[in-house]
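Chains as they are written, first to last, in my numbering: chain A, 1210 to 1700; chain B, -2 to 152. Structure first, then comments.
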Amino acid sequence: MSLLAALQAVFTFKMIALIFGGSALGIIVGALPGLSATMGMALMLPITFYMPPSEGILMLLGLYTGAVFGGAYSAILLNIPGAPPSVMTSLDGYPMAQKGEAGRAISLATVGSTLGGIAGVIALIIIAPILAKFALRFGPAEYTVLAVFGLSAIVAVSGKSLAKGFAGVTLGVLLSTVGMDNFTNVSRFTFGSIELMSGINFIPVVIGLFGLAEVISQILESTKEGIITKAINRLLLSAGDFRLILKGLIPASLIGIVIGVLPGAGGTIASIISYNHAMQSSKEPEKFGTGTPEGIIAAETANNASVGGAMVPLLTLGVPGSSPAAILLGALLIHNLRPGPMLFTTQPVLISTIFVGLLVAQFSLLLWGLGTARIAPWILAVRKEVMLPVIAVLCVIGAFALKNSFFDVGIMLVSGIAGFFLNKLGIKPGTIILGLILGPMFENNLRSTIEISGIAPVFTSPICVVLWVLTAAMILYPICRMLRLKKCESE
Amino acid sequence: MLTKNPSTILGTILVLFSGGVLYLVSQFSTAAEEFRALSPKFFPDFLGWVLLVLGTIIFVQGVRRPPAQIFSDRPEKAAVVRAVFFVFLVGAYLYFLPALGFVVVTALFMLAAQFLLGEKHFILNILRTGVFVFLVNYLFSSLLRVPLPLGPWGF
């Protein structure tokens, strides 16, 4: 019943236009080096506030899907991944473009991304309801430990320094405590400001950290790209190319889905693992890195499959596993929709609409990818001297549009400047955002647990014990890896 | 020994920041504490101490490592000047936006910012600015019905 309603909701002109429009915008954002899916989504987030939830979410999902794929354009034509998930695509995409096969490389990336994306959505449709049903057993104690698990997983992959990852998360959680305490109405860090009483809204912080901070960073960077300007021809793939795609589809999709589900991992890690797997299982591994189609297929299929995977913990548990997922969480929250198992019970049509819409977004990739391949060099020729002021204005208006408040714009400006310096000092903005989002989940559930039955359930409930074990593994794994690397270096 | 390693700088900032956090937490009202199992102070206080410990660890890590550049590629002096002016330009944009309205201030900001970043083709800059301001104004004011700030001229 909800599926029928979802189909009716998605297959309207407005919804299809929003998904395809979001996807096109995402491809442009992903293709332009320096702009990320997170930045694009952060800038579009305030606009979704003025739309019905399903329209806003699907536009953002279209943008997310498009941006993950769009990075392939610059990876193939510039040898610079426009977005981090396309890092492995450039290894074989650029050599193919140099050989005059840019069109074929883009087509392989497009078809691989579409099929990987579809596999990811199918996995989401199968796994999410099962996990959501199981998560109905979760109480405040389980959610407390789940928040710790989410935070630790993000820390584990936050960069070279574990301590800096923890510091970023701690700063984010600390920001979440600003405002009136929910339990006692005591003001915390408000400095007598009425605006701060209701806390720091995470949207201006997201726009500042991912938008303005990136603009400042881009002004300081001087990039001299060597764009492939040869005409992009031969977009049609041969039967041999399709055989290669089908051969690589299952392993790359599985890797993408599994990595996508894990909090903290994502498209970048998925594409690296998938590429390495394809190389190791190939009969001619020496050809990888010289312009082999298998490399592009492995990387692009996996990074787009991870999009569906990343939606699993977000929708079923309310835990965003990555920065783009955190923005999607924000888009749901501004419509008073709290992701988690209850969302499957209370909003079945919305959930089905997300599933169907995400599937449509994958097909939009195919259309845009093949349709715009020939104009890709034009997209990449957009000058940053023009682009950066545009982004700065969108940051200001985006922060303002949320509540028509200049205070929020000030928060955005401060976040942008602070985020720029913190990023340069090694604290990734994603860790702050996820701390800001998961902080209240941790504090509120911990305090509810203690009020109801004391601290014991947090350590004794069977689900909590499993989550604690997973948390310990998440923290210990990078430490062990670091120690092993040091040992290897000393030997 | 204090080196120029980014970790020593970050560690110092975090230690000082955590000191400020712990001081502010000590000033929170304690009126509600006896009625609740967990004080509203507990969590921020805990985070303050965590930040202090992490700041110390990061500082020590920085001291033990050799000096390093904060920027992997040292930016040109002109780029730094441009970035600083750009931030001031954004500040000025925010300052004048409520008084002069979205259309005028955004147009002036766009022209100044493009010129500052090295886009010197004046006619093209005006054309791009005009199109962009019109589109954003139409999108927010007409389609999304977000009341953008109006100037004394009514636009």
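Just so it is clear, CB atoms sit at the ideal spot from N, CA and C, and this is done for glycine as well.
Leaving aside the five residues before and after residue i along the sequence, list all residues of the same chain whose C-beta is less than 6 Å from its C-beta, in chain order.
i          : result
Gly1644(A) : Val1378, Gly1381 and Val1382
Ile1466(A) : Gly1329, Ala1332, Ala1514 and Gly1518
Ala1507(A) : Gly1457, Ala1461, Ser1483, Tyr1484 and Ala1487
Leu13(B)   : none
Ala1344(A) : Thr1525, Leu1526 and Pro1550
Ala1535(A) : Pro1529, Ile1642, Leu1643 and Ile1646
Phe1564(A) : Ile1334
Ala1610(A) : Pro1255
Ile1543(A) : Phe1258
Leu1244(A) : Val1238
For residue i, tell me which candidate among the options has the shortest Cα-Cα distance.
i          : options                                           : result
Leu1655(A) : Val84(B), Val78(B), Phe40(B) and Val128(B)        : Phe40(B)
Thr1157(A) : Leu1567(A), Ala1251(A) and Leu1241(A)             : The requested residue 1157(A) is not part of the displayed model; chain A covers only 1210 to 1700.
Phe1630(A) : Pro1533(A), Glu1423(A), Asp1617(A) and Gly1549(A) : Glu1423(A)
Ile1416(A) : Met1253(A), Met1650(A) and Leu1647(A)             : Met1253(A)
Leu1622(A) : Leu1603(A), Ser1245(A) and Leu1429(A)             : Leu1603(A)
Thr1640(A) : Ala1306(A), Phe1411(A), Asp1390(A) and Ser1232(A) : Phe1411(A)
Leu1287(A) : Ala1314(A), Thr1323(A) and Leu1384(A)             : Ala1314(A)
Pro1338(A) : Val1678(A), Pro1687(A), Leu1552(A) and Ser1657(A) : Leu1552(A)
Leu1227(A) : Pro1242(A), Ser1426(A), Ile1237(A) and Thr1257(A) : Thr1257(A)
Gly151(B)  : Pro63(B), Pro3(B), Val101(B) and Arg71(B)         : Val101(B)
Leu1445(A) : Gly1498(A), Thr1323(A), Arg1346(A) and Ser1316(A) : Ser1316(A)
Val1674(A) : Val1354(A), Ser1299(A) and Gly1476(A)             : Val1354(A)
Met1691(A) : Thr1510(A), Ile1505(A), Ala1585(A) and Ala1372(A) : Ala1372(A)
Val78(B)   : Ile1428(A), Cys1697(A) and Lys1612(A)             : Ile1428(A)
Phe1392(A) : Glu1652(A), Arg1452(A), Lys1695(A) and Phe1358(A) : Glu1652(A)
Leu1679(A) : Ala1240(A), Ser1245(A) and Ala1356(A)             : Ala1356(A)
Gln58(B)   : Pro1533(A), Leu1360(A) and Gly1635(A)             : Gly1635(A)
Trp162(B)  : Ala1376(A), Thr1247(A), Leu1269(A) and Met1268(A) : Outside the shown range of chain B, which is -2 to 152, sits residue 162(B), and nothing can be said about it.
Met1406(A) : Leu1538(A), Phe1616(A) and Ser1532(A)             : Phe1616(A)
Ala43(B)   : Leu108(B), Pro63(B) and Gly16(B)                  : In the sequence as presented, Ala is not what sits at residue 43(B); that position holds Phe. Ranking Leu108(B), Pro63(B) and Gly16(B) by Cα distance to Phe43(B) puts Gly16(B) first.
What does residue i reach in chain B if we use C-beta pairs closer than 8 Å?
i          : result
Thr1379(A) : Leu44, Val47, Leu48 and Leu51
Asn1613(A) : Val143 and Pro144
Pro1598(A) : Phe106, Met107, Ala110, Gln111 and Leu114
Arg1346(A) : Ordered by position in chain B, no residue passes the 8 Å Cβ test against Arg1346(A), which lies about 24 Å from the chain.
Ala1376(A) : Leu7, Leu11, Leu48, Leu51, Gly52 and Ile55
Glu1652(A) : Phe40
Could you work out which residues of chain A lie near residue i, taking near to mean beta carbons separated by less than 8 Å?
i         : result
Val133(B) : Val1602, Leu1603 and Ile1606
Tyr20(B)  : Here the premise fails: no neighbours, minimum Cβ distance about 11 Å.
Arg61(B)  : None at all; the shortest Cβ gap to chain A is about 13 Å.
Phe189(B) : Within the shown structure, residues of chain B are numbered from -2 to 152, placing residue 189(B) beyond reach of any answer.
Give the residues of chain A in contact with residue i, contact being defined as C-beta atoms less than 7 Å apart.
i         : result
Val84(B)  : Ile1425 and Ile1626
Thr103(B) : Val1602
Val77(B)  : Leu1429
Leu35(B)  : Arg1656 and Ile1659
Pro41(B)  : Leu1383, Thr1386 and Arg1397
Phe137(B) : Ile1606 and Ala1610
Pro149(B) : Within chain A, no residue comes near Pro149(B); the closest Cβ sits about 18 Å away, beyond 7 Å.
Below 8 Å on the Cβ atoms is my contact criterion, and I expect residue i with residue j to pass it. Report the Cβ-Cβ distance as a whole number of Å.
i          : j          : result
Ala1311(A) : Ile1285(A) : 6 Å
Ile1588(A) : Tyr1282(A) : 7 Å
Gly1625(A) : Leu1418(A) : 7 Å
Asp1301(A) : Ile1459(A) : With a Cβ gap of about 20 Å, Asp1301(A) and Ile1459(A) do not count as contacting.
Ser1322(A) : Thr1510(A) : 7 Å
Leu1269(A) : Leu1537(A) : 6 Å
Ala1214(A) : Val1558(A) : 5 Å
Within its chain, find whatever has a CB closer than 8 Å to the CB of residue i; leave out the 5 residues flanking it on each side and keep chain order.
i          : result
Lys1223(A) : Glu1264
Arg1547(A) : Gly1527 and Leu1541
Met(-2)(B) : Below a pLDDT of 50, predicted positions are generally treated as unreliable, and Met(-2)(B), at 44, falls in that range; no measurement from the model is reported.
Arg1397(A) : Thr1386, Val1387, Gly1388, Met1389 and Asp1390
Quick one: which chain A residues come within Cβ less than 9 Å of residue i?
i        : result
Ser26(B) : Thr1393, Val1395 and Ser1396
Near residue i, what residues of its chain come up, given a Cβ to Cβ distance below 7 Å and the 5 sequence neighbours on each side ignored?
i          : result
Lys1308(A) : Gly1500
Leu1685(A) : none
Pro95(B)   : Pro146
Gly1628(A) : Gly1417, Leu1418, Ala1422 and Pro1638
Asn1613(A) : none
Val1219(A) : Thr1562, Val1565, Gly1566 and Val1569
Pro1522(A) : Val1470, Pro1472, Val1528 and Gly1530
Gly1291(A) : Gly1239, Ala1240, Leu1241, Pro1242, Gly1279, Gly1280, Tyr1282, Ser1283 and Ala1284
Ser1370(A) : Gly1635
Phe25(B)   : Pro37 and Lys38
Name the chain B residues that come within less than 9 Å of residue i, Cβ to Cβ?
i          : result
Val1618(A) : Leu91 and Leu94
List the residues of chain C whose Cβ lies closer than 7 Å to the Cβ of residue i, in chain order.
i          : result
Asp1390(A) : The structure shown has no chain C; the protein chains it does contain are A and B.
Inspect the CB distances between the region 1566 to 1585 of chain A and the region 72 to 92 of chain B and report whether three or more fall short of 8 Å. no
For the region 1385 to 1397 of chain A against the region 1595 to 1615 of chain A, do three or more pairs of beta-carbon atoms, one drawn from each stretch, fall closer than 8 Å, so that the two count as touching? no
Does the region 1346 to 1355 of chain A touch the region 1662 to 1672 of chain A, meaning 3 or more C-beta pairs lie closer than 8 Å? yes
Measuring CB atoms only, is the region 47 to 65 of chain B touching the region 3 to 12 of chain B, in the sense that at least three cross pairs come out at less than 8 Å? yes
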